[in-house]
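> Just so you know, the protein sequences line up as chains A and B, in that order. Sequential numbering of the first sequence, starting at 1, is according to my numbering. Sequential numbering of the second sequence, starting at 1001, is according to my numbering. Idealized CB from N, CA, C, for every residue including glycine. This structure is in structure tokens; I'll ask about it shortly.
2 protein chains.
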Amino acid sequence: MKFPATIYSRVVVPRGFRFAATAAGLKKGGGPDLALVEAPAGATAAAVFTSNRVVAAPLEVGREHLVRSRGRVRAVIVNSGNANCATRSGRAACEKVCREAAARLGIPAREVFPSSTGVIGVELPVKKILRALPRLGAGRSDGRRAVMGFARAIMTTDTRPKLAAARFRCGRKRALLRSASSRGQATLLGIAKGAGMIQPRLHLAGQSWHRPLAGVNTGGTPVPPHATMLVYLFTDAAASPEALARALRAACAQTFNRISVDGDTSTNDTVLLLASGASGARVASAADARRFATALAAVCRSLAWQIVADGEGVQHVVELRVEGARTESEAEQVARAIANSPLVKTAWAGADPNWGRILAAVGNAGVPVDPRRVDIFLGSQLVCRGGRAVPFNERRAHRELSQRQFPVRVRLGRGRAATTFWTCDLTADYVRVNAHYRS
Amino acid sequence: MKFPATIYSRVVVPRGFRFAATAAGLKKGGGPDLALVEAPAGATAAAVFTSNRVVAAPLEVGREHLVRSRGRVRAVIVNSGNANCATRSGRAACEKVCREAAARLGIPAREVFPSSTGVIGVELPVKKILRALPRLGAGRSDGRRAVMGFARAIMTTDTRPKLAAARFRCGRKRALLRSASSRGQATLLGIAKGAGMIQPRLHLAGQSWHRPLAGVNTGGTPVPPHATMLVYLFTDAAASPEALARALRAACAQTFNRISVDGDTSTNDTVLLLASGASGARVASAADARRFATALAAVCRSLAWQIVADGEGVQHVVELRVEGARTESEAEQVARAIANSPLVKTAWAGADPNWGRILAAVGNAGVPVDPRRVDIFLGSQLVCRGGRAVPFNERRAHRELSQRQFPVRVRLGRGRAATTFWTCDLTADYVRVNAHYRS
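See below:
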């Protein structure tokens, strides 16, 4: 592509957004757990949500706000430490927080987009959140420190904040001399959290939404954190909600919907894309849309990789490539079967070139594969051709599989479709993180 | 039922069978790894095999032998230490072993039923097996010690042999005074192995078999054991191969096809049912068939439970009951989603009453469940009603989940169908067993 997106390691803050974070006392360990983003008037938005049949209250409220505001969002409010899922007052609690935040910012409640992540089955401590709102509002800033504060406040079992930024060129909204926009430069910043319960299957087509759970909590047990995936994408280009939705769905299909840490899909997975238009640049032409899509995909790919790499107990990141399928969804089906096989993942934990388990997983994928046509590559070496062992350098294989990241390639010999999937090993640490009573 | 089957803890050897085991040098650690069962002339048989697309050579040979012999089996030969899967010479090697065993026993090769379990992708060391055949043949005996020797020789990662026996009444073949058969008493003995790579999905209908893999091994890597499930069922009643097949499929559907240790289905799973007729009793009437089916189901249930209880790293056995489904296969689909969720299994490892993860797994099962109709019981307590937390005694829940075995019950509120599924927790020991390089 002529204008490839560049991923910036350092934080690049898109214009028009202000970030804030504070400690509302929701997280057991303490620390920042309430975060806010403010967007300028006219900011547009699109979002996608989990396809789990069980959906937390904020996802329902957020979706309805997007519908009622016709894709306008002026503020995002996120809490960690409580998923507001399977709770009786979940819906009312979420709407109360949105109303209060809206009143303080002088915007309609329907233009506030809420998210929650943390324990499930426990009432959202609304009062704590409301008490913290003034502090939160006062802290708004467009500085890098504020952005990092936001990124940290939304973390649960994450060990580090996850950010990615890109710049892309697009047409000018109007001629503003001596401004970046006169060169049609726009900025994109993505912030994500997630470490476990990660196999996002974001609902990208249709609108088969489910009502929120009305959960009771009358002294019921607090349950360990969901390490839901939350992703927020900010650009200072201008774009219609429809254009944002198209770009977001295309990007998610190839990135967040192509990763798995443990094969469990959360009840709270959310990806929101916000466009402030503050750079003066506008995604107008088809060429603009292509460049925007490229930048968006690059940022989402980086965030998806960071989520897998920071997965609970993860030692190895695996780039799984499945080729020679009849359709891409067939390739995806085989990739998920391999990525979610405990025996494959534990072999990876041991840097063990155990292609037999991969072959068995392919045979279990529910795709009518002919094993005699299956080739398997571990790292740089072909280890199985036509379903048969072939000689390979085992020490080299063990060395390559001992790396922090390595590729695994499977050819099905059925057609021309392929997919790339990011996954990881399964370690004793994953078990420790998740088996620890009341972790 | 009027004549319930009794499970005998001690070994009860059905008449007409002789067992033997020896060390052929196939297992790395040494010890018995080659086992034989001899059945009398006229013995009938039925078998079911894995539904994995990847199928080891002995499964193909065994199935063809059953077809060519019209369900007659005079001998079963099993080796551990090598799965004879994904090997180039697999088919020829397996046939060679059957021919040699047949010659020694003076029976047609097509009446020899072969099985293998162990490393995949390594040529079967035929010479070692052939050298051991004389020893093996010489050791044949109908004594309990020989039976236990057989049960131990087929083990891989199993920590203990798995046996179950039952007696059942059925009609007399012919009047033999002063013989057990004059009371129409028949005996059933089951012997099994399996600890990991356990989610048998035995192919019970149709005949969509796949050709064996032709695997190459030219110095390719030996791969750690498959802990395939192998099950051998012996009765001294007489029954037609068709009657055996009917009873076997019905029993497997509710037992071996209702367990999961790690959700991985092996390439070598095999269940064989052999009838010697040596008791003089014959499964003739519909009532006989019912009593036989009851005994067979009881033995298979016991063996299935023993396999889960001896699963790799298993601390807790979970009796998972899914009720209120539209169809039984829908209930099974939800049960597998719960049983194979790493977050659910790790919570069980911590004796953590974490119903939120179970609810999330139900939402991911691919069944259009309405979360507001889902009830969850942990141990003896209702912990989630209508998708909401309800108050429960947490210390009691933790105490119950700390037991070696406990029940989990999920009601979907969609219909009247239900299923019972046996599974287990996921522990750091499972990871250690399977991540250990060249384990």
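Using CA atoms only, rank isn't needed, just tell me which of B:Gly1386, B:Phe1377, B:Arg1416 and B:Phe1421 is closest to Val1410 (chain B).
Val1410 (chain B) has its Cα closest to that of B:Phe1377, out of B:Gly1386, B:Phe1377, B:Arg1416 and B:Phe1421.
> Return helix, strand or coil for Glu1123 (chain B), following the three-state DSSP convention.
Coil, per DSSP.
> I need the boundaries of the alpha helix (DSSP H) containing Val1097 (chain B), first residue and last residue.
Gly1090 to Leu1105 is the extent of the alpha helix (DSSP H) around Val1097 (chain B).
> I need the straight-line Cα distance from Ala35 (chain A) to Leu248 (chain A), nearest angstrom please.
For Ala35 (chain A) and Leu248 (chain A), the distance between alpha carbons rounds to 23 Å.
> Cutting at 6 Å between CB atoms, please list the residues of its own chain near Gly415 (chain A), excluding the five before and the five after it.
The answer, listed in chain order, is Ala325 and Arg326.
> Are the CB atoms of Ile129 (chain A) and Val97 (chain A) nearer to each other than 8 Å?
Yes; because the gap between Cβ atoms is below 8 Å, this pair is in contact.
> Which same chain residues, not among the five before or five after Glu508 (chain A), have their C-beta less than 6 Å away from its C-beta?
This structure does not reach residue 508 (chain A), given that chain A is present from 1 up to 439, and the question cannot be answered.
> Taking one C-beta from the region 43-52 of chain A and one from the region 265-277 of chain A each time, how about it: are there three or more such pairs within less than 8 Å?
Touching, yes, given that three or more Cβ pairs across the two stretches are closer than 8 Å.
> Quick one: Cα of His1436 (chain B) to Cα of Gly350 (chain A), how far?
If you take the alpha carbons of His1436 (chain B) and Gly350 (chain A), they lie about 6 Å apart.
> Determine, for Asp310 (chain A), whether the minimum Cβ-Cβ distance to residues of chain E falls below 8 Å.
The structure shown contains no chain E; its protein chains are A and B.
> Please confirm if Asp264 (chain A) has its CB atom under 8 Å from at least one CB of chain B.
With 8 Å as the cut-off, Asp264 (chain A) counts as an interface residue toward chain B.
> List the residues of chain A that Ile1120 (chain B) touches, going by C-beta distances under 7 Å, in chain order.
The contacting residues are Gly356.
> What number of angstroms, rounded off, separates the C-alpha of His1210 (chain B) from the C-alpha of Val1054 (chain B)?
Reliability of the predicted coordinates at His1210 (chain B) is poor, the pLDDT of 29 falling under 50, and no value is obtained from them.
> Going along chain B, which residues have a C-beta under 7 Å from Asp431 (chain A)?
For the sequence presented, residue 431 (chain A) should be read as Val rather than Asp. Chain B residues near Val431 (chain A): Thr1346, Ala1349, Leu1426, Thr1427, Ala1428 and Val1431.
> Just checking: is the beta-carbon of Gly363 (chain A) within a distance shorter than 8 Å of some beta-carbon in chain B?
Cβ-Cβ to chain B under 8 Å: yes for Gly363 (chain A).
> Taking its Cβ as the centre, do 16 or more other Cβ atoms sit within 10 Å of Val1216 (chain B), making it buried, or is it exposed?
Model confidence at Val1216 (chain B) stands at a pLDDT of 23, short of 50, so the residue's coordinates are unreliable; what they give is reported in the following sentence. Under this definition Val1216 (chain B) is a buried residue.
> Can you give the Cα-Cα distance for Pro200 (chain A) and Gln306 (chain A), rounded to whole angstroms?
Going from the Cα of Pro200 (chain A) to the Cα of Gln306 (chain A) covers about 14 Å.
> Taking the beta strand (DSSP E) that Cys1384 (chain B) falls in, what are its first and last residues?
Here the beta strand (DSSP E) through Cys1384 (chain B) covers Gln1381 to Arg1385.
> Please state whether DSSP places Arg72 (chain A) in a helix, a strand or coil.
Residue state, collapsed to three classes: strand.
> Under the DSSP definition of a beta bridge, which residues are partnered with Cys424 (chain A)?
In DSSP, Cys424 (chain A) forms a bridge with A:Val317.
> Arg167 (chain A) to Ala1057 (chain B), Cα distance in whole Å?
Roughly 56 Å separates the two Cα atoms.
> Could you tell me which whole alpha helix (DSSP H) segments of length 4 or greater appear in the region 32-75 of chain A?
Whole alpha helix (DSSP H) segments, 4+ residues: 57-68.
> To the nearest angstrom, how far is the alpha carbon of Ala1239 (chain B) from that of Thr1187 (chain B)?
So the two alpha carbons sit approximately 13 Å from each other.
> Which stretch, first to last residue, makes up the alpha helix (DSSP H) that contains Val1013 (chain B)?
Looking at the DSSP string, Val1013 (chain B) is not in any alpha helix (DSSP H), and its letter there is neither H nor E.
> Give me, in chain order, the residues of the same chain whose beta-carbon lies closer than 8 Å to that of Ala43 (chain A); leave out the 5 immediate sequence neighbours on both sides.
Taken in chain order, the residues that qualify are Gly16, Arg72, Val73, Arg74, Leu274, Ala275, Ser276 and Gly277.
> Establish whether the CB of His1203 (chain B) and some CB of chain A are separated by less than 8 Å.
No, no contact with chain A.
> Starting from Gly1081 (chain B), follow its DSSP beta bridges and name the residues at the other end.
Gly1081 (chain B) is bridged to B:Gly1118.
> Distance check for Gly143 (chain A) and Asp1158 (chain B), CA to CA, integer angstroms please.
Distance between the alpha carbons of Asp1158 (chain B) and Gly143 (chain A): 59 Å.
> Write down the C-beta distance between Ala1237 (chain B) and Ser1302 (chain B) rounded to the nearest angstrom, noting that I regard them as a contact closer than 8 Å.
So it is not a contact: roughly 19 Å between Cβ atoms.
> What residues of chain B sit near His436 (chain A), judged by a beta carbon separation below 7 Å?
Going along chain B in sequence order, the residues near His436 (chain A) (Cβ under 7 Å) are Gly1350.
> Within 8 Å (strictly less), CB to CB, does Thr267 (chain A) reach chain B?
Thr267 (chain A) counts as touching chain B.
> Between Pro1200 (chain B) and chain A, is the shortest Cβ-Cβ distance under 8 Å, so that the two count as touching?
Pro1200 (chain B) does not count as touching chain A.
> Go through its chain and collect everything with a Cβ distance to Glu100 (chain A)'s Cβ below 7 Å, but skip five positions before and after it.
Cβ within range, chain order: Leu130 and Leu133.
> For Val341 (chain A), return the contacting residues in chain B, with the cut-off set at a CB-CB distance below 9 Å.
Residue 341 (chain A) is actually Ser in this sequence, not Val. Those are Asp1262, Gly1263 and Asp1264, listed as they occur along chain B.
> So what's Ala238 (chain A) in DSSP terms, helix, strand or just coil?
It is a strand residue.
> Where does Val1299 (chain B) sit, in a helix, a strand or coil, going by DSSP?
Residue state, collapsed to three classes: helix.
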